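Chains as they are written, first to last, in the numbering used here: chain F, 1 to 387; chain Z, 1001 to 1387. For reference, the structure discussed in these notes is given below.
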């Protein structure tokens, strides 16, 4: 950060991602929030930041800041909700980080929460599409997956990859999720399973796409200098940046390059004083396999157009050069949209503590989390480090 | 603020509040944003914070941060949306303030925007109700105005006021709005006009209630220490605080006391080092006349249960002890919900510059703005000062 006070993450909590028919959004958000406070050994915080995208439509409830503060026994605390489509969780984390760094707050609880199964699928599809440009994309009849399918189609055409070259992104995610009790799909995916998966929007098939789900994840932030010098393990945020791109994909000079991922990652690397090769694991935003490839390229782990190579050559596996989706990623842990960014932060903190939900990377010391809103139109990148 | 860097508001912009059938939400937000940048003589900012409540439902568009950044030519800037029901504007301003104070950003553009006339009234009424508790208030069939009507009914009963004792809140607002070209209703209201107004939800009649509307208001924030010492007039934020209360009114020990207004105002006074009697004008949240009375009491301008006395005795008029609604307030300027908090900030800055949109208070040097989300459940208070 330019001159920002160093912030530590002292507590995290999460629910399983699932179809939680027996729990409301309130209960899920509350469960993750209280788990994070309990983990932090705090009874209260100065403010609560809730990342959520869909609750106004999907749950007929807005005003989630106040609503959650009240529910978890922190009535009277400052609270608000933040939204940037699927990067709402990452945006909430960054806003909480800056608020605590400003000196105005001594602590913040950031919660990402989403409950998607209360609405019919068609309604959720329409609501998810509000992350795209209503006037100039949705008017053409595009859904959100269709926009990503156009990008993937172009990518295959431009760089000569075959659809099957993306299989390992999903296979790796599912393999890792088998060890994560909080993952929605704790089951293996074979190459033939990937190939035979039904088409959703050509060339994106069901196994290229992350599943929706209900879930919540939370973290507690405090200034590192307020902790006892013996505090251990000390996990701090050493890089934080966010950038946008055009909301409509067709407005980009190069629709196959995530410029906002490149610039936010570059700024986070600069703040942290690290290079891509020093990152021990990367919690990326594999909402679709194509997005995993594009993120790896924009963040400096692969040459332009060569993202799939990392999957083909095993570099993304837990024992590879840049492990991704160690908890199952969006693909297998599940993608409760407004909560996903906070699941990434929680998983990063747990990895750095040596307590990963999924596959633990031995000796992980520096991790990166990247949350993407819209079709690459809002990207939030964080680098966390164990002291 | 506890240890916060001093922040200046160097530019403001607003559209008229109206039924803007000829303009989209994007155009309204863009107009206010560009006016604020122009007023600040800046071409760009580090980040854009958009306060909005209803766009997911009312305009089928979320992700307003990215969407607006793109539209106003600031594609690639950091951007996000903030929501706390009707205090979304105030919450966005406070989040932007803390982000700039953190040292992470050197400037921020905060925009409040709402377009309510694109949807049928019944749909808007249902959507506004999502600011209340869906499970325990809306399930009873309550609308948002009905919740406020219950509060007003109880207030009349408890303190012995008559409905007509609230007339001057609306009459003063309309009188002031006649001088504000950006007000929705630039016309006088008589006492008999107030009395004969049709009932909405007993005892709240149409003239107790603020009208919805379309509009946007914006401000540019920078650290004061980055400005030339000759910068004039220098308007800084000297107090900023926010607090919540129970989301459901029935959960409060005293439903006739705005505890979150009291605590956030007390903290803002403390930061600013001022007492209520030093406030030259108060941009309060008169969504309903009863809310104006309750705000005045909680902020120390009237004894408990005595808010209407300030209206009856003329204390709230431009020449009174504590002028309110100098631009027309929510009642006559209009209440485009997620934009209102930013209209309050813009009006406060213009008052301090001696350029009020409505009635100018001679020599105004310290002003307060208070934005209320839900039925007193999320309250954001700011004190601004001319150096």
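Beta carbons: idealized from backbone N, C-alpha and C, even for Gly. What you are looking at is a predicted structure, and each value in this text was computed from that prediction instead of being measured.
Boundaries of the beta strand (DSSP E) in which residue i is found, first to last residue
i              : result
residue 386/F  : 378 to 386
residue 1282/Z : 1281 to 1283
residue 1081/Z : 1078 to 1083
residue 201/F  : 199 to 201
residue 291/F  : Careful: residue 291/F lies outside any beta strand (DSSP E), inside the alpha helix (DSSP H) at 289 to 298.
residue 1031/Z : Where residue 1031/Z is concerned, there is no enclosing beta strand (DSSP E), although the alpha helix (DSSP H) it sits in stretches over 1025 to 1040.
residue 1217/Z : 1215 to 1223
residue 1368/Z : 1366 to 1373
residue 109/F  : 108 to 114
Chain-ordered neighbours of residue i on chain F, where CB pairs are closer than 9 Å
i              : result
residue 1070/Z : 133, 244, 245, 246, 247, 248, 251 and 377
Below-8 Å beta-carbon distance, residue i vs any chain Z residue
i            : result
residue 80/F : yes
residue 67/F : yes
residue 77/F : yes
residue 56/F : yes
Residue of the options minimising C-alpha distance to residue i
i              : options                           : result
residue 1046/Z : 1080/Z, 1313/Z and 1055/Z         : 1080/Z
residue 1272/Z : 1260/Z, 1238/Z, 1250/Z and 1294/Z : 1238/Z
residue 260/F  : 218/F, 356/F, 88/F and 298/F      : 298/F
residue 1281/Z : 1326/Z, 1314/Z and 1152/Z         : 1326/Z
residue 269/F  : 87/F, 56/F, 369/F and 42/F        : 369/F
residue 1376/Z : 1123/Z, 1153/Z, 1193/Z and 1246/Z : 1246/Z
residue 343/F  : 11/F, 7/F and 6/F                 : 11/F
residue 224/F  : 136/F, 100/F, 84/F and 19/F       : 100/F
residue 18/F   : 216/F, 148/F, 127/F and 288/F     : 216/F
residue 1107/Z : 1123/Z, 1078/Z, 1129/Z and 1091/Z : 1078/Z
residue 1054/Z : 1126/Z, 1041/Z and 1074/Z         : 1126/Z
residue 331/F  : 147/F, 7/F, 183/F and 110/F       : 183/F
residue 1070/Z : 1138/Z, 1321/Z and 1029/Z         : 1029/Z
residue 1048/Z : 1191/Z, 1222/Z and 1136/Z         : 1222/Z
residue 212/F  : 283/F, 20/F, 6/F and 7/F          : 20/F
residue 122/F  : 112/F, 57/F and 137/F             : 57/F
residue 147/F  : 227/F, 76/F, 132/F and 158/F      : 132/F
Contacts of residue i in chain F (Cβ-Cβ under 7 Å)
i              : result
residue 1062/Z : 53, 83, 85, 130 and 131
Per-residue contacts from residue i into chain Z (C-beta, under 8 Å)
i             : result
residue 374/F : 1063 and 1066
Same chain only: Cβ atoms within 8 Å of residue i, ignoring 5 sequence neighbours per side
i              : result
residue 1156/Z : 1162, 1163 and 1203
Close beta carbons around residue i, own chain, < 7 Å, minus the five adjacent residues each side
i              : result
residue 1264/Z : 1241, 1242, 1243, 1379, 1380 and 1381
residue 366/F  : 274, 278, 279, 280, 383 and 385
residue 200/F  : 145, 206 and 209
residue 31/F   : 15 and 216
residue 1317/Z : 1172 and 1323
residue 1289/Z : 1166, 1169, 1170 and 1208
Contact with chain F by residue i, beta-carbon distance below 8 Å
i              : result
residue 1263/Z : yes
residue 1260/Z : yes
Listed by chain order, chain Z residues near residue i by CB distance under 9 Å
i             : result
residue 95/F  : 1049, 1080, 1082, 1095, 1098 and 1099
residue 232/F : Result: empty, since nearest Cβ-Cβ is about 26 Å, beyond 9 Å.
Cutoff 6 Å; reference residue i; Cβ partners in own chain excluding five residues on either side
i              : result
residue 300/F  : 276
residue 1353/Z : 1233
residue 1002/Z : Residue placement at residue 1002/Z is flagged as unreliable, the pLDDT there being 48, under the threshold of 50; the coordinate-derived value follows with that caveat. Hits under 6 Å: none found.
residue 1267/Z : 1241
residue 1186/Z : 1177 and 1178
residue 90/F   : 341, 371 and 380
residue 1337/Z : 1053, 1086 and 1114
residue 1329/Z : 1173 and 1286
residue 4/F    : 101
residue 1143/Z : 1125 and 1129
Interface residues of chain Z facing residue i [CB-CB closer than 7 Å]
i            : result
residue 91/F : 1080
Cβ-heavy atom distance, residue i to the ligand COA, below 7 Å
i             : result
residue 160/F : The ligand COA is not among the ligands present in this structure, which contains no ligands whatsoever.
Residue interval of the alpha helix (DSSP H) (run including residue i)
i              : result
residue 148/F  : 144 to 159
residue 1308/Z : 1307 to 1312
residue 1262/Z : 1259 to 1272
residue 1004/Z : No alpha helix (DSSP H) holds residue 1004/Z; DSSP gives it neither H nor E.
residue 1277/Z : From DSSP, residue 1277/Z is part of no alpha helix (DSSP H); its letter is neither H nor E.
residue 124/F  : 121 to 128
residue 170/F  : 167 to 177
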